[in-house]
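Data first, discussion second: the structure below is written as structure tokens.
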Amino acid sequence: MAKIISIFNNKGGVGKTTIAWNLADALARKGKKVLMIDFDPQCNLSIAILGSEEFKQSLPTITQPYGTTIRAYLQKFLQGIGNLEIYTYKGKHTHTNVDLIAGDFWLNVYGESLSVGSDLLTGTGITKYAVIKDMVEYTMAKKKNIYDFAIIDLPPSFGALVRAALYSSDYFLVPCTSDTYSSYCISLIGEMIPTFIDDWKSGYERFSKSNPNINKYQDIGDPKFAGWVYNGFDTQKNHIVKADYIHYQEIVKSITQELINNDNISKSTILPPDFKAGEIEDMNVLIQNSIWQSIPVASLKDYRPMKTLQDKGSWAPRQITLIDKLNTRFTELADNVISSCI
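Taken in order, the sequence shown gives residues 1 to 342; the numbers are from UniProt numbering.
Have a look at this one:
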């Protein structure tokens with residue numbers, strides 16, 4: 001069974017989508033098979049990997065009323081009409097070992113259908129909250145493909161979609177940026193995840209009493225913290241600038257107090273120093289080029305940069321150096337994920 005990992009922070013703008021995509025590509029370059037799941041109604045991951053035109057073609061049409069996105073599976077599942085469908089995509093330039101289940105704005109509808117009170121706590125709607133686990137298993141059976149990892153990109157919230165993803169996840173990674181609010185958000189994560197877990201346990205207890213012969217969900221609902229990723233910091237002469245280092249120390253302190261020392265949150269048994277799975281420097285204009293051309297950062301120097309959406313130029317030497325450095329950073333992140341998420 002694939003290890004399911006949520007890239008999660010309720011704070012927006014921390015680089016969840018960029019990290020999810022480039023981590024998947026780095027894992028694939030190390031020989032791992034990866035399924036990416038765009039569980040964010042904004043669909044930024046799908047647009048980045050596929051390009052806007054191909055993504056538009058995946059949306060519902062008259063002849064394909066469910067589209068070929070995640071909606072094709074979820075809507076039929078939600079309505080209980082059977083004949084589930086799953087579609088996966090290869091990115092234009094993402095490693096061929098990576099498959100994508102594209103997102104859809106319709107995910108908002110699925111999120112609204114989830115009720116903590118009537119679905120989760122009563123146990124009657126457990127399967128709706130465990131849908132990603134079932135979808136990953138269905139995808140592997142249907143495609144006859146065994147994935148090592150399934151990586152979920154999530155919206156910045158503590159809403160129903162995030163709950164559902166975390167319940168199906170074996171692990172979660174927390175991207176953080178160099179600002180004071182990141183430390184505050186970590187404290188919120190430390191507060192909310194135990195609540196989520198308690199709700200799952202209550203609901204599953206009722207579910208198991210009513211369905212004693214179904215035990216496929218007994219080992220989920222309690223994701224392990226697999227580390228944090230320091231994203232978007234500045235460097236001078238290969239060292240983190242002082243202001244960003246101060247924020248780094250604050251984040252480590254908050255991670256330690258709110259997550260590591262929190263007995264109500266499970267942790268991976270193997271965590272790197274400072275519990276930091278990776279660090280990604282400020283990508284500057286590279287991130288625009290990466291998204292415009294649907295190219296993971298590690299492969300950017302194999303293609304000409306776009307100065308605008310029409311004009312292409314050449315990479316400056318310092319940009320080549322940064323691309324190589326980012327390649328190394330994402331490879332290190334992949335190595336830590338392989339070690340921690342076992």
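Ideal Cβ positions, reconstructed from N, Cα and C, are used throughout, including at glycine. Note that the coordinates shown come from a computational prediction; the quantities given were computed from them, not determined experimentally.
Assigned secondary structure, Trp-228 (DSSP; H/G/I helix, E/B strand, else coil): Strand, per DSSP.
Let me know the secondary structure DSSP gives Ala-141 once reduced to three states. Here DSSP, grouped into helix, strand and coil, assigns Ala-141 to helix.
Beta-carbon spacing of Ile-151, Met-36 below 7 Å: Cβ atoms of Ile-151 and Met-36: closer than 7 Å.
Check for me: the beta strand (DSSP E) holding Cys-43 runs from which residue to which? That residue, Cys-43, is in no beta strand (DSSP E); it is neither H nor E in DSSP.
In whole angstroms, give me the CA-to-CA distance for Ser-202 and Gly-123. Each residue's alpha carbon lies about 8 Å from the other.
Please go through the same chain and pick out, in chain order, the residues whose beta-carbon is closer than 7 Å to the beta-carbon of Trp-6, but skip the five residues on each side of it. Checking the sequence, you will find Ser at residue 6 rather than Trp. A distance below 7 Å between beta-carbons, with the five flanking residues on each side excluded, links Ser-6 to the following residues of its chain, in chain order: Ile-152, Leu-154, Ala-165, Leu-166, Ser-169, Phe-172 and Pro-223.
With DSSP as the reference, identify every bridge partner of Thr-177, one or two as the case may be. Per DSSP, Asn-231.
Which of helix, strand or coil does DSSP assign to His-239? Model confidence at His-239 stands at a pLDDT of 49, short of 50, so the residue's coordinates are unreliable and nothing is read from them.
Nearest to residue 363 (by Cα), restricted to the options Ser-58, Leu-326 and Gly-82: Residue 363 lies beyond the range of the chain shown here (1 to 342); nothing can be said about it.
Do you know offhand how far Tyr-73's Cα is from Leu-23's? Per the coordinates, the alpha-carbon of Tyr-73 lies some 25 Å from the alpha-carbon of Leu-23.
Tell me, please, whether the CB atom of Ala-102 is closer than 7 Å to any CB atom in chain B? Structure shown: chain B not included; a single protein chain is present.
Taking its Cβ as the centre, do 16 or more other Cβ atoms sit within 10 Å of Gln-293, making it buried, or is it exposed? It is buried - the Cβ of Gln-293 has at least 16 other Cβ atoms within 10 Å.
Counting C-beta neighbours from all protein chains within 10 Å, is the total for Lys-32 16 or more, i.e. buried, or is it exposed? Classification for Lys-32: buried.
Smallest Cα separation from Leu-121: which of Cys-341, Leu-300, Arg-206 and Val-34? Comparing Cα positions, the closest option is Arg-206.
With 16 other CB atoms within 10 Å as the buried threshold, where does Lys-16 fall? Lys-16 sits buried, since 16 or more C-beta atoms from the chains shown fall within 10 Å of its C-beta.
Classify Tyr-66 as buried or exposed, calling it buried when 16 or more other Cβ atoms lie within 10 Å of its own Cβ. Using a 10 angstroms sphere on the CB of Tyr-66, the tally of other CB atoms reaches 16 or more, which defines it as buried.
According to DSSP, is Glu-281 helix, strand or coil? Three-state result, Glu-281: strand.
Rounded to whole angstroms, how far is the Cβ of Gly-190 from the Cβ of Val-229, which I believe are closer than 8 Å? Rounded to the nearest angstrom, the Cβ distance from Gly-190 to Val-229 is 17 Å, too far for a contact under 8 Å.
Bridge partners of Ala-130, per DSSP? According to DSSP, which records beta bridges pairwise, Ala-130 is partnered with nothing at all.
Cα separation between Thr-139 and Gly-227? Rounded to whole angstroms, Thr-139 to Gly-227 spans 27 Å at the Cα level.
Less than 7 Å between the beta carbons of Cys-341 and Lys-3, yes or no? Using a Cβ distance threshold of 7 Å, Cys-341 and Lys-3 count as a contacting pair.
Gly-103 beta carbon less than 7 Å from that of Asp-148: Their beta carbons are not under 7 Å apart, which means Asp-148 does not touch Gly-103 by this criterion.
Checking 7 Å against the spacing of the C-beta atoms, do Ile-291 and Ala-48 come in under that value? Contact: yes.
What does a CB cutoff of less than 8 Å around Leu-107 pick up in its chain, not counting 5 residues either side in sequence? Apart from sequence neighbours up to five positions away, the residues of its chain that approach Leu-107 with a beta-carbon distance below 8 Å are Phe-39, Asp-40, Pro-41, Ile-70, Arg-71, Leu-74 and Leu-161, ordered along the chain.
Indicate whether Phe-275 and Ile-246 have their beta-carbon atoms separated by less than 7 Å. By the CB criterion at 7 Å, Phe-275 and Ile-246 fall outside the cutoff.
Taking three-plus beta-carbon pairs below 8 Å as touching, is the region 322-339 in contact with the region 298-308? Verdict: yes, contact present.
On the CB-based measure, 16 or more other CB atoms within 10 Å of its CB, does Lys-237 come out buried or exposed? Bear in mind that a pLDDT of 47 at Lys-237, under 50, signals an unreliable position, so the model cannot answer this.
Would you kindly check if the distance between the Cβ of Pro-156 and the Cβ of Lys-11 is under 7 Å? Yes, the pair counts as a contact, with Cβ atoms nearer than the cut-off.
Which word fits Thr-329, buried or exposed, when buried means at least 16 other C-beta atoms lie within 10 angstroms of its C-beta? A quick correction: the sequence has Arg, not Thr, at residue 329. Counting other Cβ atoms within 10 Å of its Cβ, Arg-329 reaches 16 or more and is therefore classed as buried.
In the DSSP assignment, what residue or residues form a beta bridge with Lys-209? None; Lys-209 has no bridge partner.
Note down the Cα distance separating Glu-332 from Asn-261, rounded to an integer number of angstroms. Approximately 25 Å, taken between the alpha carbons.
Using the rule of at least 16 other Cβ atoms within 10 Å of the residue's Cβ for burial, across every protein chain shown, is Val-337 buried or exposed? So Val-337 counts as buried.
Check this for me: beta carbons of Thr-177 and Asn-231, under 7 Å apart or not? A Cβ-Cβ contact shorter than 7 Å links Thr-177 with Asn-231.
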